[in-house]
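Under the numbering used here, the first residue of the sequence shown carries the number 562, and numbering increases by one thereafter.
For each residue, glycine too, the CB sits at the ideal point set by N, CA and C.
Everything numeric in this text was worked out from a predicted model, so none of it was measured.
Below is one structure, written out as structure tokens; the observations come after it.
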Amino acid sequence: MTRPTIRRALLEVSRQWLQQAADGDMAIETVDLYIQISERFDVFADAQGIHRMDDVTGQLTDSFMDAPGRDRHDNITLVPKDGTRRQRRSALASLFAHARALGMTQAVPLLDSPPIPRPPRSTGAELTDAEIEDLQFHSERGMPATRHAALLALLLSGLGSAETAQATPGDLDLALATVTTEGSTRTTPRTCPLSPWAVRALRLRTEHLAEHRPGRRRLVTSDSSTRYAAQASVGAGFNDIARLSGLATTARRVEPRDITRYLARQVLLQTGQISEVARRLGLSSLDNAAELAGLAWKIGGDPR
């Protein structure tokens, strides 16, 4: 029986990943990332003279996880960060697990590979009204040619980073001050209100794109970017705003999710309803909505 090549196994496993995404069991952003990493692994293995799944060893996968790469600015990074190494390990683990299930290999190259430790999860920055105003002020630098103000406006409306990455001018109804999103793997489709500041920022951005970049669809990311890359680009853009405003420092990390937490607290304060927080953010779990809003509404697992 012919032993499948890495390329052949990747094609078959990719179909399974895409089906999982269609079934809602896997984020399409994760599928894009896993395929990209697996394709790079195929090239890396080929350079070592390894072409078949059964010939992949733990030494080869360890070497791949520690191999130099490129950052989002296309600069070479000689020593990959732990986050990059975890992504590579996760993609390879999924590739080989699915390939074994398909009967395409018996190799378990990651069996003796220790997990890559994660840093303690950040509790997040609790942004104040004044800090939100600072973010808005500094995001306007260079607008509307720069995307920063529009990006922040979408996040402040209640869209997550994945939804912000896919937003288009067609999703906006500036006359009604709303933005509609199709949702993402973790959020449901919904329509969110826009503040007067957000309407102004998005109107300027939309008019700028129509005049200077006709045919472009997405508001704040490149049309050619994969979903994963586009979402990462939103994170990078927000980081730029947080850095320019002085809120993000070496001692304090500020992320798009902190905007979501801020909005969750505001909606809870205005409505008093966790269900409204969940609806605004497109969440199916009231527990997740309560956590984002900073509300400890359960004790010992029982509702108060």
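R631 - partner residues in DSSP beta bridges: Position 70 of the sequence shown holds residue 631. Answer is I637, bridged to R631.
Complete alpha helix (DSSP H) runs within the segment 781–814 (minimum length 4 residues, chain order): 788–806
P754 in three-state terms, based on DSSP: The residue you call residue 754 lines up with position 193 of the sequence shown. Strand, per DSSP.
Opposing strand residues paired with R679 [DSSP bridges]: Taking the first residue of the sequence shown as position 1, residue 679 is located at position 118. BP columns for R679 are empty, so no partner.
Boundaries (first-last residue) of the beta strand (DSSP E) holding V740: Position 179 of the sequence shown, counting from 1, holds the residue named residue 740. Per DSSP, V740 belongs to the beta strand (DSSP E) from T739 to T742.
Stretch pair the segment 586–604 + the segment 566–575: three plus CB contacts closer than 8 Å: yes
Touch test, the segment 708–727 against the segment 737–756, Cβ-Cβ under 8 Å, three pairs minimum: yes
Beta-carbon gap between G843 and T748 smaller than 8 Å: On the sequence shown, position 282 is the one that residue 843 refers to. On the sequence shown, position 187 is the one that residue 748 refers to. Yes, these two residues count as a Cβ contact at 8 Å.
8 Å CB neighbourhood of D813 in its chain, flanking five on each side removed: In the sequence shown, residue 813 corresponds to position 252, counting from 1. The displayed chain sequence assigns Arg, not Asp, to residue 813. Same-chain partners within the cutoff: A686.
Residue span of the alpha helix (DSSP H) that contains V828, given as start and end: In the sequence shown, counting from the first residue as 1, residue 828 sits at position 267. From DSSP, the alpha helix (DSSP H) with V828 extends over P817 to T832.
DSSP state of T566 mapped onto helix, strand, coil: Here residue 566 refers to the residue found at position 5 of the sequence shown. Note: T566 maps to strand in three-state DSSP.
Rounded straight-line distance, which links the Cα of R702 to that of G861: Here residue 861 is taken as the residue at index 300 of the sequence shown, counted from 1. Here residue 702 is taken as the residue at index 141 of the sequence shown, counted from 1. Its pLDDT being 45, under 50, G861 is placed unreliably by the model, and nothing is read from it.
L847 to R751 span [Cα, whole Å]: Stepping through the sequence shown from its first residue, residue 847 is reached at position 286. Stepping through the sequence shown from its first residue, residue 751 is reached at position 190. Cα-Cα distance, rounded: 16 Å.
Under 8 Å between C-beta atoms of H565 and M665: Counted from its first residue, the sequence shown places residue 565 at position 4. Counted from its first residue, the sequence shown places residue 665 at position 104. Reading off the sequence shown, one finds Pro at residue 565, where the question assumed His. The answer is yes: Cβ separation under 8 Å.
Range of the contiguous alpha helix (DSSP H) that encloses T591: What you label residue 591 is simply residue 30 of the sequence shown in a count that begins at 1. Segment I589 to A608, the alpha helix (DSSP H) holding T591.
L844 - DSSP class collapsed to helix/strand/coil: By 1-based counting over the sequence shown, the position of residue 844 is 283. In the structure shown, L844 sits in coil (DSSP, three-state: anything other than H, G, I, E or B).
Expected contact under 8 Å - CB spacing of L763 and L770 to nearest Å: Position 202 of the sequence shown, counting from 1, holds the residue named residue 763. Position 209 of the sequence shown, counting from 1, holds the residue named residue 770. Not confirmed; about 11 Å, so no contact.
Exposed unless 16 or more other CB atoms sit within 10 angstroms - verdict on Q792: In the sequence shown, the residue the question calls residue 792 occupies position 231. When all chains shown are included, Q792 counts as buried.
Identity of the residue in R779, E772, R631 and A608 nearest T725 by Cα: In the sequence shown, residue 725 corresponds to position 164, counting from 1. It is R779.
L656 versus I802, V617 and H773, residue with shortest Cα-Cα distance: For the purposes of this step, residue 656 is taken as residue 95 along the sequence shown, with counting starting at 1. Per the Cα distances, V617.
Burial state of L688 (16 or more Cβ within 10 Å): Indexing the sequence shown from 1 puts residue 688 at position 127. Label assigned to L688: buried.
For S655, the first and last residue of its enclosing alpha helix (DSSP H): For the purposes of this step, residue 655 is taken as residue 94 along the sequence shown, with counting starting at 1. It spans D643 to A662 - the alpha helix (DSSP H) in which S655 sits, taken as one unbroken run.
Three-state class that DSSP yields for L873 in the structure shown: For residue 873 there is no data in the structure shown, the boundaries of the chain being 562 and 865.
H612 - containing alpha helix (DSSP H), residue span: Walking along the sequence shown from the start, residue 612 turns up at place 51. Neither: H612 is in no alpha helix (DSSP H) and is coded neither H nor E.
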